[in-house]
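Chemist: Listed in order, the protein sequences are those of chains E and W.
Here our numbering = 1-based position in the first sequence + 23.
Here our numbering = 1-based position in the second sequence + 23.
All C-beta atoms, glycine included, are put in the ideal place defined by N, C-alpha and C.
Shown below is the structure under consideration.
Protein chains: 2
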Amino acid sequence: MASLPEPAALLPVEPSGVEMVAKFFRALSDPARLRLLEFLLSDEHTVTECVAHIGLTQGRVSTHLGCLSDCGYVQARRQGRFAYYQVSDPRVAELVLLARSLAADNATALAACMRISDTA
Amino acid sequence: MASLPEPAALLPVEPSGVEMVAKFFRALSDPARLRLLEFLLSDEHTVTECVAHIGLTQGRVSTHLGCLSDCGYVQARRQGRFAYYQVSDPRVAELVLLARSLAADNATALAACMRISDTA
DNA sequence: CCAAAGTATCCGGATATCCAAATGTTAGTG
DNA sequence: CACTAACATTTGGATATCCGGATACTTTGG
Chain E
24 MASLPEPAAL
34 LPVEPSGVEM
44 VAKFFRALSD
54 PARLRLLEFL
64 LSDEHTVTEC
74 VAHIGLTQGR
84 VSTHLGCLSD
94 CGYVQARRQG
104 RFAYYQVSDP
114 RVAELVLLAR
124 SLAADNATAL
134 AACMRISDTA
Chain W
24 MASLPEPAAL
34 LPVEPSGVEM
44 VAKFFRALSD
54 PARLRLLEFL
64 LSDEHTVTEC
74 VAHIGLTQGR
84 VSTHLGCLSD
94 CGYVQARRQG
104 RFAYYQVSDP
114 RVAELVLLAR
124 SLAADNATAL
134 AACMRISDTA
């Protein structure tokens, strides 16, 4: 009957478990962001370098990087007027490798899946 | 110089690597599909059982299951007029666990990320 | 064969997402 | 103190995605 059964429930805005993980996956569901993440897996790069690498506008790249940073995929480091981004958690590489492995084994079926968009 | 440097390039429709993996991730970026996938991680279930579990329309659930099947996350088995779905590849569980682990460690930042939608 | 259960597909409509372009902000430079 | 470079944020428009409801398909049962 208590209106506040648990302390953590004080924030109704916070998505519960599954919603959070879905949001986490959504960050990698965009080709541009995934490309950026892979670019940042090995080395540290500035926003301008990322722009040159994927060919989108600077504003869009900045937003994408901010998104990846918010989700914990990459870490941002400020040095003067430069912003350096890089993957810090080794589990991120694991996740990408695992997904690549699974996707590769279902490549043909995946390509045929019209329920997700052919924009790719 | 050759116009066709590699045999695999003969199919321009097929998304190249990154696009494919992004599509793969996109399947898990929807809370309903992720909920279904977790439901099918341990046991085999029919479409009707899935409908009862997540509370969406039958048509929608069927489409979601088809999507998960196309992407290779679950396997479909036909028995009379029933369709049984289940996760078959153990790497799928690994992927979900890894994502849960990463998402949990970035829960607060993730919840604050407004670049991805607050619909959750 | 006809009816019903289980499942798959099609349909607009509401919302979310991505983009380029323009504008802000901050930190070096002359 | 202008001025520029690097980065961040905002805006409006096009497209994608998700949804319920209606409909078609398939198999079992009478």
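Measure the Cβ-Cβ separation of residue 122 of chain W and residue 44 of chain E and say whether it is below 8 angstroms.
Modeler: It is a contact, given that the beta carbons lie within the stated cut-off.
Chemist: For the candidate residues E/53, E/113, E/78, whose alpha-carbon lies nearest to that of residue 66 of chain E?
Modeler: That would be E/113, whose Cα lies nearest to the Cα of residue 66 of chain E.
Chemist: When the Cβ atoms of the segment 86-98 of chain E are set against those of the segment 47-55 of chain E, are three or more pairs found closer than 8 angstroms?
Modeler: Verdict: yes, contact present.
Chemist: According to DSSP, is residue 130 of chain W part of a helix, a strand, or is it coil?
Modeler: If DSSP states are grouped into helix, strand and coil, residue 130 of chain W belongs with the helices.
Chemist: For chain E, is any of its Cβ atoms less than 8 angstroms away from the one on residue 120 of chain W?
Modeler: No, no contact with chain E.
Chemist: Could you please give the first and the last residue of the uninterrupted beta strand (DSSP E) stretch that includes residue 101 of chain W?
Modeler: Run containing residue 101 of chain W: 98-102, per the beta strand (DSSP E) assignment.
Chemist: Beta-carbon within less than 7 angstroms of residue 85 of chain E's beta-carbon, same chain only, minus the 5 sequence neighbours each way: which residues are those?
Modeler: For residue 85 of chain E, where only same-chain residues beyond five positions count, the Cβ hits under 7 angstroms are 70.
Chemist: Can you check whether the C-beta of residue 86 of chain W is within less than 8 angstroms of a C-beta belonging to chain E?
Modeler: Yes, residue 86 of chain W lies at the interface with chain E (some Cβ there is under 8 angstroms from its Cβ).
Chemist: Check residue 69 of chain E in the structure and name its three-state DSSP category.
Modeler: Three-state DSSP puts residue 69 of chain E in a strand.
Chemist: By Cβ distance below 6 angstroms, which residues in the same chain neighbour residue 115 of chain W in space, the five residues on each side in sequence not counted?
Modeler: Hits under 6 angstroms: 96.
Chemist: Could you say which of E/56, E/87, E/40 lies nearest to residue 57 of chain W if we only look at CA atoms?
Modeler: Residue E/40 is the option with its Cα nearest to residue 57 of chain W.
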